Amino acid sequence: MKEYLTDFQICFLVFCFTIGYEIITLPKDLVEYMGTSAWIGVIILTTLIGISAVILIKLNTVFIGKNFYEYSIILTGQKWAKLIGLIYFGLFMIIYANFPKLYANTLKLIVYPKTPIWVFELLLYLLCFYGICKGLKNIARICEVYGVIQLILIILILFITLIEGQSVNVLPLINFYNPKEFCKGIVYNLISFVGIEALCLTTFSKKNKKVLKYTTMIITIIGVIYILIVETCLAVLGAEEVIKYSNVVLTTLRTISITMLDIIARLDGVFILIWNIGVISSALVVSYGAVHFLYFILNKKVAKNKLGLILTLICFIYSFFPTFLMHEKIVVMYTIFAFSIFTTMLIPITLFILMKVKRYDKKS
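Mapped onto our numbering, the consecutive letters of the sequence shown carry residue numbers 1096 to 1459.
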């Protein structure tokens, strides 16, 4: 049975998938490679992702009533479609297996130092399995609510914090002191923009007439939020301090106290709440994505609920393997980058070209 989403739900599915765990470390990851020119890197990445989103939306619009995997078969054939499905499954599965572990480690470090890591992982995986059982429509409804809350609170907190910073800390705005490092930063930080793959889980109907407008708008908003996060941390701490802290956003918020806000003078607590909401909604989309592609790769022979249980158990067992946090994160980031080059750019562009060559856009 097809699960059709509204335009608003589709755009917030992309938003919630994109803004997840990595937002808490984003300024450090960007400034470390790009310095005070990090905002330029964000604009470049936002533009690239925006173009890919437009291509995917065009494909979904031409092949009304079919999902990404189904029209991949039409355009490339069964064998190539399976390979494409495996690449997307690989991306979703790597994120699903590793990000709950990174999230649990970070949460234990900043909030609950006495709680075992596996408790956080178990809770998150249980939520993900519940989401898989409920289906994409219900996950999209959660993202719709969580996404709006997250969007409003993040922008509000960032503007309040930015006022407390010093403009001299963000200068010079253009500083390409090391072009090689800048390009390396683009590669490393692509993970923070992985999220348009959520479009590959959806099936468009004739009612989805404003999805292009809403999705491009939400991607632009994501870019603006990322620039605000980086510039806020730079304004408050300065470039040299930003690169010293892993959870730099929390460090920034903890260095200031807003006296005019009697109830929530400490903004770091509010941000931790927002961050948790973001991680949960992102994990729900990722877990469903892994199950969705495996379901079609196996020719729909195994129910999604069973696949969800198997994948969740595998990921939870994997989380008990000992790892070194920073080393693991670097490996995960570059692995995701390798997959995302295909999932965000090469595969959508190839399918778009095939659609044009075979004139499917003229037939629709």
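Each residue gets a CB set at the ideal place from its N, CA and C atoms; glycine is no exception.
These numbers come from a predicted model, not from an experiment.
query: Who pairs with Thr-1298 in a beta bridge, going by DSSP?
result: Start at 1 with the first residue of the sequence shown, and residue 1298 comes out as number 203. Looking at the DSSP assignment, Thr-1298 forms a beta bridge with Tyr-1099.
- Item | Environment of Val-1206 [buried if 16+ CB atoms lie within 10 Å] | Within the sequence shown, the letter at position 111 stands for residue 1206. Flag for Val-1206 reads exposed.
Quick one: Cα of Tyr-1164 to Cα of Ile-1392, how far?
For the purposes of this step, residue 1164 is identified with residue 69 of the sequence shown, where counting begins at 1. For the purposes of this step, residue 1392 is identified with residue 297 of the sequence shown, where counting begins at 1. Tyr-1164 and Ile-1392: Cα-Cα distance of roughly 9 Å.
### Query
Exposed or buried, what is Ala-1334 when buried is set at 16 or more other beta-carbons lying within 10 Å of its beta-carbon?
Looking up residue 1334 in the sequence shown gives position 239. Answer is buried; the Cβ neighbour count reaches 16.
Next item on the list: Could you say which of Thr-1430, Leu-1323 and Asn-1162 lies nearest to Ile-1182 if we only look at CA atoms?
Entry: Position 87 of the sequence shown, counted from the first residue, corresponds to residue 1182. The shortest C-alpha separation from Ile-1182 is found at Thr-1430.
Simplified DSSP state of Pro-1122, which is helix, strand or coil:
Position 27 of the sequence shown, counted from the start, is the residue given in the question as residue 1122. Helix, per DSSP.
| request: State the start and end residues of the unbroken alpha helix (DSSP H) segment that holds Arg-1236. | output: Taking the sequence shown and counting its residues from 1, the one referred to as residue 1236 is at position 141. Unbroken alpha helix (DSSP H) run through Arg-1236: 1231–1258.
* Give a yes or no on whether the C-beta atoms belonging to Cys-1111 and Ser-1382 are separated by under 8 Å. => Taking the sequence shown and counting its residues from 1, the one referred to as residue 1111 is at position 16. Taking the sequence shown and counting its residues from 1, the one referred to as residue 1382 is at position 287. Not a contact, by the Cβ cut-off of 8 Å.
Next on the checklist: Taking 8 Å as the threshold (C-beta atoms), are Tyr-1241 and Ile-1372 in contact?
Outcome noted: Counting from 1 along the sequence shown, the entry for residue 1372 is found at position 277. Counting from 1 along the sequence shown, the entry for residue 1241 is found at position 146. Cβ atoms of Ile-1372 and Tyr-1241: closer than 8 Å.
Taking 7 Å as the limit between beta carbons, can you name the residues of its chain near Ala-1235, skipping five residues before and five after?
Position 140 of the sequence shown holds residue 1235. For Ala-1235, where only same-chain residues beyond five positions count, the Cβ hits under 7 Å are Leu-1100, Gln-1104 and Leu-1108.
Worksheet item: Quick one: is Gln-1245 buried, meaning 16 or more other Cβ sit within 10 Å of its Cβ, or exposed?
Response: On the sequence shown, position 150 is the one that residue 1245 refers to. Classification for Gln-1245: buried.
Worksheet item: Can you tell me the Cα-Cα spacing of Thr-1142 and Ala-1148, whole angstroms?
Response: Taking the sequence shown and counting its residues from 1, the one referred to as residue 1142 is at position 47. Taking the sequence shown and counting its residues from 1, the one referred to as residue 1148 is at position 53. In a straight line, the C-alpha of Thr-1142 is about 10 Å away from that of Ala-1148.
Take Arg-1349 and list the residues in its own chain whose beta-carbon comes closer than 6 Å to its own, dropping the five residues that flank it on each side. Taking the first residue of the sequence shown as 1, we reach residue 1349 at position 254. Only Asp-1363 meet the Cβ criterion.
Assigned secondary structure, Gly-1469 (DSSP; H/G/I helix, E/B strand, else coil): No statement about residue 1469 is possible, as the shown extent of the chain runs from 1096 to 1459 and does not include it.
- Beta-carbon contacts of Thr-1310 that lie in its chain and below 7 Å, excluding the five residues immediately before and after: Translated into the one-based positions of the sequence shown, residue 1310 becomes position 215. Contacts found: Ile-1105, Cys-1106, Val-1109, Ala-1148 and Ile-1152.
Is it right to say Tyr-1321 is buried, meaning 16 or more other beta carbons lie within 10 angstroms of its own, or is it exposed?
Within the sequence shown, residue 1321 is the residue found at index 226, counting from 1. Buried.
So, does the segment 1177–1191 touch the segment 1431–1439, judging by three or more C-beta pairs under 8 Å? yes
Note to self: According to DSSP, is Phe-1415 part of a helix, a strand, or is it coil?
What the structure shows: Taking the first residue of the sequence shown as 1, we reach residue 1415 at position 320. Three-state result, Phe-1415: coil.
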